[in-house]
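First to last, the sequence lines map onto chains U and L.
The first sequence begins at 1 in the working numbering and counts up by one.
The second sequence begins at 1 in the working numbering and counts up by one.
Every residue, glycine too, gets a C-beta built ideally from N, C-alpha and C.
Number of protein chains: 2
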Amino acid sequence: MSVEWVAVDWGTTNLRAWMIAADGRIIARQTAALGVSSVQKGQFEHTLLDLIGDSLESDRQTPVVICGMAGARQGWLEAPYVCAPCNPLHPGQAVQPETRDPRISVRILTGVMQARPSDVMRGEETQISGYLATHPDFDGVLCLPGTHSKWVRVSGGCIQSFRTFMTGECFNLLATNSVLSHVVAGEGWNAPSFIAALKQTLSAPQHLTAQLFSIRASALLEGLDRAQSRSELSGILMGLEIGGAREFWEKSKTVLIGHDKLVQVYRSALEAVSANVETADGEICTLDGLRRAYDSLKLCPVA
Amino acid sequence: MSVEWVAVDWGTTNLRAWMIAADGRIIARQTAALGVSSVQKGQFEHTLLDLIGDSLESDRQTPVVICGMAGARQGWLEAPYVCAPCNPLHPGQAVQPETRDPRISVRILTGVMQARPSDVMRGEETQISGYLATHPDFDGVLCLPGTHSKWVRVSGGCIQSFRTFMTGECFNLLATNSVLSHVVAGEGWNAPSFIAALKQTLSAPQHLTAQLFSIRASALLEGLDRAQSRSELSGILMGLEIGGAREFWEKSKTVLIGHDKLVQVYRSALEAVSANVETADGEICTLDGLRRAYDSLKLCPVA
């Protein structure tokens, strides 16, 4: 079966590609830890072809539709931001980087920005579009956990407003580069510690940096174990996000879109505050969004 | 003039030593970026002698009194923690690491711990003791800014309770290792941006990680300049600490003990919330504290 087009999610950390047949079936999938932050200017086409080249027909041009940080200033080619409130998808404004290999024709999709408060997204808008493909009348809140998690108010098929929380990046920095790295495990989970820390930050967010140091002190003085420390660190930071995103989840249904593990952490946090929460598969949303973009680009393989 | 004893502040990042004469005058001072975190086990005596060896008489033993992280588990030799409420100074419980060089006799001072909430300090207790040497009747709050800043309630010559905030470490991590490193300057200051960000976090601390991401978005969308970004980052994190430490400064006079630059940041933050604030020189407090310890150890040069 031949590849009609290639769907690509090119984020900061990872590059993921799906080879799609004419009937919509996924023929192959490829993933590499070759996110935008690890690719040098001028090496994007080469990096992409390393991953997908073997799947391409030599006698025709295959469309490649890309979402994510590949469209950032430090990415392959800067794609514009569309200003919210807006439809998540604007394939007409996608940019087309010059490519040397005649087998591919590349489009990089737009991101979404917001003026007040200042905010941006690249990649999540495509997942949102994908979610709306199967839930066209959705009216509520989508939460997309990640390094920079997004809370997005959606109605009428549009992104109305959104807010980004740096929770994931803060967790990684504190767990690996701070004084807490000595006491926080790389794996392991203690649900009661997570929930207790979450509730503590929810009720007194201003104590955050003091609570963080207490993890270190508890490990020194009471031998707090490393999995427990990890769960407390996560709970403290999630408490801040859940408190900060209250305006989103308090009066609306929240659908979590993302990977299993992280979605479970967010689900347990939201359930602890009795939020109305559902989940959706992040990869399916990404693919559905890229497919909508592909369909509307009306790009066809050139014979 | 010969050295009667050596005062040493050995922290995580720096090693500082003062050669003191019999009449109390400082004969020489030495500083090196050889904090405990950069010294291997077994190399502490060698590192110290590299710094102070030239000042020592060869025909007698000179006492060396050390405060700070040299007494931590990962330091030269672990010194006990005394549990607050307590006098800051317990020279009788200082530990004496074995040394090979006959010219020195070393004592490492104790730290202070607190059971609830879990907290520890090493080095600040000596500065507090030094401050109390010249203000024996002090009743109020001491704030010692730093990588891990301490807020300490003092009365009756004792540390009553304290709380550590990881503000400085969070600032350094975010400014140098996060997505904000692209937009935050290494130097530069914008006082109005600092105060505006401070007040924003004070009124809504739960938005902290969203505010952090807004620095990045504002730089992308509005060209927020790098000194302004740096001041906003500092203001956001200081707002959290000032809010978290409210119980300390709200009803008491606060004396800031530390280095000029950092003390000025804390002073402007505290003045923005109309706190009653004074300052004291951190180095003088350290020296006065080490001197009290030396006097009470009654260590004298051995002829």
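Contact with chain U by residue i, beta-carbon distance below 8 Å
i: residue 44 (chain L); result: no
i: residue 207 (chain L); result: yes
i: residue 143 (chain L); result: no
i: residue 1 (chain L); result: no
i: residue 210 (chain L); result: yes
i: residue 178 (chain L); result: yes
i: residue 173 (chain L); result: yes
i: residue 102 (chain L); result: no
i: residue 136 (chain L); result: no
i: residue 13 (chain L); result: no
Within-8 Å CB hit, residue i to chain L
i: residue 197 (chain U); result: no
i: residue 170 (chain U); result: yes
i: residue 301 (chain U); result: Its pLDDT being 48, under 50, residue 301 (chain U) is placed unreliably in this model, and the coordinates cannot settle the point.
i: residue 190 (chain U); result: no
i: residue 19 (chain U); result: no
Contact check, residue i vs residue j, beta carbons under 8 Å
i: residue 224 (chain U); j: residue 218 (chain U); result: yes
i: residue 15 (chain U); j: residue 32 (chain U); result: yes
i: residue 307 (chain U); j: residue 170 (chain L); result: As displayed, chain U neither begins before 1 nor continues past 303, which places residue 307 (chain U) out of reach and without an answer.
i: residue 220 (chain L); j: residue 36 (chain U); result: no
i: residue 215 (chain U); j: residue 180 (chain U); result: yes
i: residue 144 (chain U); j: residue 127 (chain U); result: yes
i: residue 232 (chain U); j: residue 203 (chain U); result: no
i: residue 7 (chain L); j: residue 287 (chain L); result: yes
i: residue 152 (chain U); j: residue 138 (chain U); result: no
i: residue 292 (chain L); j: residue 130 (chain L); result: yes
i: residue 45 (chain U); j: residue 116 (chain U); result: no
i: residue 103 (chain U); j: residue 61 (chain U); result: yes
i: residue 258 (chain L); j: residue 146 (chain L); result: yes
i: residue 199 (chain L); j: residue 275 (chain L); result: no
i: residue 241 (chain U); j: residue 167 (chain U); result: yes
i: residue 105 (chain U); j: residue 173 (chain L); result: no
i: residue 118 (chain U); j: residue 222 (chain L); result: yes
Own chain partners of residue i with C-beta closer than 6 Å, once the 5 adjacent residues on each side are dropped
i: residue 140 (chain L); result: 252, 253
i: residue 236 (chain U); result: 197, 201, 211
Minimum C-alpha distance to residue i - residue among the options
i: residue 107 (chain U); options: U:116, U:90, U:120, U:118; result: U:90
i: residue 18 (chain L); options: L:202, L:30, L:199; result: L:30
i: residue 11 (chain L); options: L:97, L:71, L:292, L:118; result: L:71
i: residue 310 (chain U); options: U:64, U:146, U:133, U:149; result: Residue 310 (chain U) lies beyond the stretch modelled for chain U, which goes from 1 to 303, so this question has no answer here.
i: residue 132 (chain L); options: L:191, L:255, L:164, L:197; result: L:255
i: residue 163 (chain U); options: U:249, U:75, U:61, U:262; result: U:249
i: residue 188 (chain U); options: U:1, U:142, U:229, U:102; result: U:229
i: residue 92 (chain U); options: U:80, U:48, U:102; result: U:80
i: residue 156 (chain U); options: U:178, U:87, U:175; result: U:87
i: residue 263 (chain U); options: U:135, U:52, U:149; result: U:149
i: residue 322 (chain U); options: U:174, U:238, U:41; result: Given a span of 1 to 303 for chain U in the structure shown, any question on residue 322 (chain U) remains unanswerable.
Partners in chain B for residue i, counting only beta-carbon separations shorter than 9 Å
i: residue 120 (chain L); result: No chain B appears in this structure, whose protein chains are U and L.
Sequence-distant residues of the same chain with beta carbon closer than 8 Å to residue i, five excluded per side
i: residue 114 (chain L); result: 83, 84, 120, 161, 162
i: residue 5 (chain L); result: 20, 62, 63, 64, 65, 294, 299, 301
i: residue 297 (chain U); result: 63, 65, 91, 94, 107
i: residue 191 (chain L); result: 231, 268
i: residue 207 (chain L); result: 200, 201
Own chain, CB closer than 7 Å to residue i, minus 5 neighbours either side, in chain order
i: residue 244 (chain L); result: 165
i: residue 226 (chain L); result: 183, 184, 185, 188
i: residue 1 (chain L); result: 21, 27
i: residue 122 (chain U); result: 68, 69, 71, 72, 111
i: residue 38 (chain U); result: none
i: residue 267 (chain U); result: 256, 277, 279
i: residue 234 (chain L); result: 171, 194, 265
i: residue 334 (chain U); result: Within the shown structure, residues of chain U are numbered from 1 to 303, placing residue 334 (chain U) beyond reach of any answer.
i: residue 142 (chain U); result: 128, 131, 152, 154, 255, 257
Output needed in chain order: residues of the stretch 63 to 83 of chain L with a Cβ under 7 Å from some Cβ in chain U.
none
Short-range partners of chain L found in the stretch 83 to 96 of chain U, where Cβ spacing is below 9 Å
So nothing in the stretch comes that close.
Beta carbons nearer than 7 Å to chain L: which residues of the stretch 143 to 168 of chain U have them?
148, 163, 164, 165, 166, 167
Can you pull out the residues from the stretch 238 to 268 of chain U whose beta carbon lies closer than 7 Å to at least one beta carbon of chain L?
240, 241, 243, 244
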